[in-house]
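Worksheet for the structure shown next.
In this note's numbering, the protein residues as written are 31 to 850.
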């Protein structure tokens with residue numbers, strides 16, 4: 031415990047808590063009350079560590095930013111903190127052959143249960159999200175007593191507070207929620223709130239303000255070289271009102287202490303000092319005011335952009351900041367040494383100086399163009415209310431696209447009141463109706479209900495940015511609808527027209543441009559327009575290269591394109607890129623917005639690792655996917671069958687078990703989990719191909735024959751027939767179990783099938799190459815029959831799809847997404 035914790039009663043509170051916990055009551059709830067700056071958050075962090083040492087299973091629930099608190103954020107943060115702590119310990123969950131899995135069925139069954147879980151905590155009074163989060167936490171409960179440390183609960187969203195009450199009160203008698211312990215921190219004003227009344231606890235601790243006589247100890251703790259007179263100490267106490275954060279700011283700031291400045295006089299004294307000593311004091315004061323607007327840490331390139339008209343002054347002002355010790359210089363950022371100084375400078379921006387916010391917004395548009403929330407706040411400060419509302423709605427839509435979590439009117443109203451204090455929600459009603467329609471249409475799109483999604487888009491608006499969002503969503507739906515109907519050319523013209531229009535917005539609104547461009551890029555690939563595809567891909571790459579270092583959304587697009595690297599590159603090259611995308615999303619995985627991107631990168635990386643034989647990376651990726659399924663069960667993860675495919679094939683490839691055991695366990699697994707016949711067909715086709723390639727030819731031939739025979743009896747559609755018939759023909763031909771004529775007959779029967787509209791031209795070309803190679807005898811005589819056709823037509827086959835461009839096809843190992 032440090033000196034300050036002794037001075038403001040923390041040590042005594044720790045001792046009291048420890049004593050009461052030893053009593054081991056069934057459930058205990060403690061409230062820690064303290065004014066702002068008395069050290070509540072630090073106390074929570076210390077308590078969390080101390081509880082772990084005392085043998086508790088402790089969860090720290092907190093929010094990152096009270097002004098931008100999302101739904102259930104404290105609970106998601108608690109899971110992430112726990113994952114960071116345990117992920118290395120649990121990586122053996124899958125194991126693989128080298129990790130000693132007892133048999134493949136156990137590993138698969140355990141993970142299938144996570145993906146297709148049927149019995150979860152359910153109650154009609156609990157929402158899906160609440161039940162999911164309760165399940166996620168109870169999974170971690172063990173024999174240790176459980177303690178939840180809940181910081182600043184009064185600032186949590188209504189949903190988070192309601193869920194906390196369910197944990198505390200356990201009104202639905204969920205067995206695992208018995209005997210939990212809680213500590214909640216709040217300000218004195220919240221003690222009489224309805225929330226506290228519902229909890230009904232008398233275990234209340236008070237973090238006291240620090241008495242003035244103890245200030246010399248605090249000052250020495252913050253700045254050992256500083257001595258203050260009793261008069262200055264009294265002024266310091268008066269200025270800070272016992273707030274430790276303000277005390278620290280004032281004490282560590284040498285300017286304020288040297289000149290005897292307290293909070294109320296700091297700005298005037300600072301300006302006076304600058305005017306006396308700086309050659310261009312007005313410009314430096316402007317520099318400080320603009321810097322005070324920007325969130326810490328301040329990117330130097332941002333300030334440089336604001337002062338682009340006077341670059342020499344920009345560097346001079348950085349020097350002044352060092353001279354007066356106002357900034358910490360941590361390239362490529364600077365940070366105010368004192369938040370008090372920063373706040374006071376910001377408070378002194380006059381109405382005449384509102385154009386500083388305009389300069390800041392212009393810099394944001396160039397460096398962080400897709401940070402719609404910050405741009406909205408700038409417009410709000412500039413008194414441009416409608417623009418502020420527009421960009422706030424765009425921010426909300428951006429969040430919905432990534433999370434699929436729609437905000438209610440009350441939730442959005444609460445966010446608005448926090449961000450824009452004097453704008454009434456009535457001013458947002460029109461814009462909220464646009465947000466509602468967009469979310470409903472997008473939800474239909476995710477369900478492949480394209481016609482109903484398009485019907486929702488007949489919304490009339492005069493807002494140009496809203497029109498662009500509607501046009502993109504319409505293009506997304508009509509593209510997929512046209513693909514399903516086989517109507518390509520008309521839609522291609524429409525996409526090219528939209529892309530041409532949005533090109534003018536490449537710099538000002540890159541989020542809209544890049545989404546349109548990626549959609550068109552995919553469509554070029556699907557329709558075989560490879561020259562146009564390569565040209566557009568080059569444009570996108572150049573744009574990303576010039577902007578990815580700053581804008582978060584552009585960086586996300588860059589890494590989402592890397593997840594689908596197999597579309598553009600050979601598997602060896604694409605493996606490096608999918609690894610990069612995994613590491614990016616893993617590091618930036620602090621917000622739920624990136625969960626789906628992380629999932630896609632892991633799926634595709636596991637497939638590349640599987641094909642190239644990297645056992646450790648393959649199982650590591652699969653484990654992390656399972657972890658995502660477990661912790662974010664209400665998130666819409668696309669195409670979970672790809673995970674199942676990779677999991678099964680990885681166990682076959684790396685397991686030491688016999689083929690009989692593998693087939694038995696997988697068959698049992700499929701029966702237990704009620705997979706549709708179609709899923710069984712694809713999985714069996716994959717298993718047979720991999721067995722054949724691994725040397726288990728007889729097992730592979732038996733499995734593919736049974737699958738093929740059953741398929742003929744069931745009259746399944748072209749999608750399955752292409753894969754199974756291909757593998758059946760090639761495997762039996764290579765094994766001399768099928769004549770050349772019979773092989774060619776089967777291949778000709780699937781020549782014009784379209785198993786997947788994606789790269790439809792390549793499927794046809796692939797069969798043509800196989801037929802030619804069989805006729806001239808080169809396929810059977812090649813050193814590696816499986817990769818022979820890629821070697822023959824490497825340019826046309828677009829390096830892509832190493833899995834599909836081979837003689838045998840492993841289907842549905844990777845996934846792509848046109849929604850980011």
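We treat Cβ as the ideally placed atom computed from N, Cα and C, and that holds for glycine.
Quick caveat, the model's predicted, so the values are computed rather than measured.
Coil, strand or helix - residue 308 by DSSP
The residue you call residue 308 lines up with position 278 of the chain shown. The answer is coil: DSSP assigns residue 308 none of H, G, I, E or B.
What three-state label does DSSP hand residue 810 in the structure shown?
For the purposes of this step, residue 810 is identified with residue 780 of the chain shown, where counting begins at 1. Looking at residue 810 - three-state DSSP - the assignment turns out to be helix.
Cutoff 9 Å: residue 730 Cβ touching any chain D Cβ:
Absence of chain D from the displayed structure is noted, only one protein chain being present.
Coarse secondary structure for residue 360, derived from DSSP in three states
Position 330 of the chain shown, counted from the start, is the residue given in the question as residue 360. Residue 360 falls in the strand class under three-state DSSP.
To which residues of the same chain is residue 168 closer than 8 Å at the C-beta, ignoring the five residues directly before and after it?
On the chain shown, position 138 is the one that residue 168 refers to. So the qualifying residues of the chain are 151, 204, 206, 207.
In its own chain, which residues sit with a C-beta less than 6 Å from the C-beta of residue 406, not counting the 5 before and 5 after it?
Within the chain shown, the letter at position 376 stands for residue 406. Correct list, in chain order: 418, 421, 422.
Tell me residue 60's beta-bridge partners as DSSP assigns them.
As a position in the chain shown, residue 60 is number 30, starting the count at 1. In DSSP, residue 60 forms a bridge with 213, 233.
So, helix, strand or coil for residue 604, using DSSP?
Position 574 of the chain shown, counted from the start, is the residue given in the question as residue 604. Looking at residue 604 - three-state DSSP - the assignment turns out to be helix.
Please report the residue range of the alpha helix (DSSP H) in which residue 464 lies.
In the chain shown, counting from the first residue as 1, residue 464 sits at position 434. Note, residue 464: alpha helix (DSSP H), 459-476.
From this set, 416, 228, 327, which residue's C-alpha is nearest residue 372's C-alpha?
The residue labelled residue 372 in the question sits at position 342 within the chain shown. Selection 416, 228, 327 evaluated against residue 372 yields 327 as nearest (Cα-Cα).
Buried/exposed call for residue 438, threshold 16 Cβ in 10 Å
On the chain shown, residue 438 is found 408 positions in, with the first residue counted as 1. Exposed, because fewer than 16 other Cβ atoms sit within 10 Å of the Cβ of residue 438.
Using the C-alpha atoms, what's the distance from residue 624 back to residue 845?
Taking the first residue of the chain shown as 1, we reach residue 845 at position 815. Taking the first residue of the chain shown as 1, we reach residue 624 at position 594. The alpha-carbon atoms of residue 845 and residue 624 are separated by roughly 16 Å.
Just to confirm, are residue 404 and residue 394 a CB contact at a threshold of 9 Å?
On the chain shown, residue 404 is found 374 positions in, with the first residue counted as 1. On the chain shown, residue 394 is found 364 positions in, with the first residue counted as 1. Contact flag set, yes.
Residue range of the alpha helix (DSSP H) that includes residue 71:
Translated into positions along the chain shown, residue 71 becomes position 41. 70-83 is the extent of the alpha helix (DSSP H) around residue 71.
Quick check on DSSP: helix, strand or coil for residue 442?
The sequence position of residue 442 within the chain shown is 412, counting from 1. Of the three classes helix, strand and coil, the one that applies to residue 442 here is helix, per DSSP.
Give me, in chain order, the residues of the same chain whose beta-carbon lies closer than 7 Å to that of residue 632; leave out the 5 immediate sequence neighbours on both sides.
In the chain shown, residue 632 corresponds to position 602, counting from 1. Here the set comprises 612, 651, 654, 655.
In whole angstroms, what is the alpha-carbon distance linking residue 134 and residue 591?
Working through the chain shown from its first residue, we reach residue 134 at position 104. Working through the chain shown from its first residue, we reach residue 591 at position 561. In this predicted model, residue 134 has a pLDDT of only 36, less than 50, meaning its place in the structure is not dependable enough to derive any value.
Cβ-Cβ separation, residue 60 to residue 854 (assumed contact under 8 Å), whole Å
Past the boundaries of the shown model lies residue 854; the chain is included only from 31 to 850, so the question cannot be answered.
If I'm right that residue 304 touches residue 314 with Cβ under 8 Å, what's the distance once you round it to whole angstroms?
Residue 304 sits at position 274 when you count from the first residue of the chain shown. Residue 314 sits at position 284 when you count from the first residue of the chain shown. 6 Å between Cβ atoms; contact.
Specify the secondary structure class of residue 680 as computed by DSSP and reduced to three states.
Your numbering for residue 680 matches position 650 in the chain shown. In this structure, residue 680 counts as helix in the three-state DSSP scheme.
Closest by C-alpha distance to residue 546, when choosing among 227, 503, 813, 586:
Your numbering for residue 546 matches position 516 in the chain shown. If we check each option's Cα against that of residue 546, 503 comes out closest.
C-alpha distance - residue 609 paired with residue 354, whole-angstrom precision
Taking the chain shown and counting its residues from 1, the one referred to as residue 609 is at position 579. Taking the chain shown and counting its residues from 1, the one referred to as residue 354 is at position 324. Roughly 45 Å separates the two Cα atoms.
Can you check whether the CB of residue 217 is closer than 9 Å to the CB of residue 104?
Residue mapping note: residue 104 aligns to position 74 of the chain shown, counting from 1. Residue mapping note: residue 217 aligns to position 187 of the chain shown, counting from 1. Not closer than 9 Å, so no.
Jot down the residue ranges of each uninterrupted alpha helix (DSSP H) in the region 500-584, minimum 4 residues, whole runs only, in chain order.
519-532, 540-556, 560-577
Rounded C-beta distance between residue 550 and residue 523? I'm assuming under 8 Å.
Sequence index remark: in the chain shown, residue 550 carries index 520 (1-based). Sequence index remark: in the chain shown, residue 523 carries index 493 (1-based). Between residue 523 and residue 550 the Cβ distance is about 11 Å, and since that is not below 8 Å, they are no contact.
Excluding sequence positions up to five away, which residues of its chain have a Cβ less than 7 Å from the Cβ of residue 390?
Numbered from 1 along the chain shown, position 360 holds the residue referred to as residue 390. 320, 323, 324, 336, 408.
How far does the alpha helix (DSSP H) with residue 726 in it reach, from first residue to last?
In the chain shown, residue 726 corresponds to position 696, counting from 1. Careful: residue 726 lies outside any alpha helix (DSSP H) and carries neither H nor E.
The alpha helix (DSSP H) that contains residue 624, what's its start and end?
Here residue 624 refers to the residue found at position 594 of the chain shown. No alpha helix (DSSP H) holds residue 624; DSSP gives it neither H nor E.
Would you report the Cα separation of residue 165 and residue 171, rounded to the nearest angstrom?
The residue given as residue 165 occupies position 135 in the chain shown. The residue given as residue 171 occupies position 141 in the chain shown. Their Cα atoms are separated by approximately 10 Å.
Bounding residues of the alpha helix (DSSP H) (the contiguous stretch that carries residue 597)
The sequence position of residue 597 within the chain shown is 567, counting from 1. No alpha helix (DSSP H) contains residue 597, which DSSP labels as neither H nor E.
Below 8 Å on the Cβ atoms is my guess for residue 757 versus residue 838; work out the distance and round it to an integer in Å.
Counting from one through the chain shown, the residue named residue 757 turns up at place 727. Counting from one through the chain shown, the residue named residue 838 turns up at place 808. Yes, they are in contact, since the Cβ atoms of residue 757 and residue 838 sit about 5 Å apart, within 8 Å.
Tell me which same chain residues have a C-beta within less than 7 Å of the C-beta of residue 510, skipping the five on either side of it?
Taking the first residue of the chain shown as position 1, residue 510 is located at position 480. Taken in chain order, the residues that qualify are 480.
Does residue 642 pass the burial test, meaning 16 or more other C-beta atoms within 10 Å, or should it be called exposed?
Here residue 642 is taken as the residue at index 612 of the chain shown, counted from 1. Counting other Cβ atoms within 10 Å of its Cβ, residue 642 stays below 16 and is therefore classed as exposed.
Any chance the region 439-446 sits against the region 662-676, with 3 or more Cβ pairs inside 8 Å?
no
Proximal residues to residue 663 (C-beta, below 6 Å), its chain only, five neighbours per side dropped:
Counted from its first residue, the chain shown places residue 663 at position 633. 162.
Please list, in chain order, all residues of the same chain as residue 126 whose beta carbon is under 6 Å from its beta carbon, the five residues on each side excluded.
Position 96 of the chain shown holds residue 126. Confidence at residue 126 is low in this model, with a pLDDT of 32, below 50, so its placement is unreliable and the value that follows should be read with caution. Once the five neighbours on either side are set aside, the close Cβ partners of residue 126 are 645, 649, 684.
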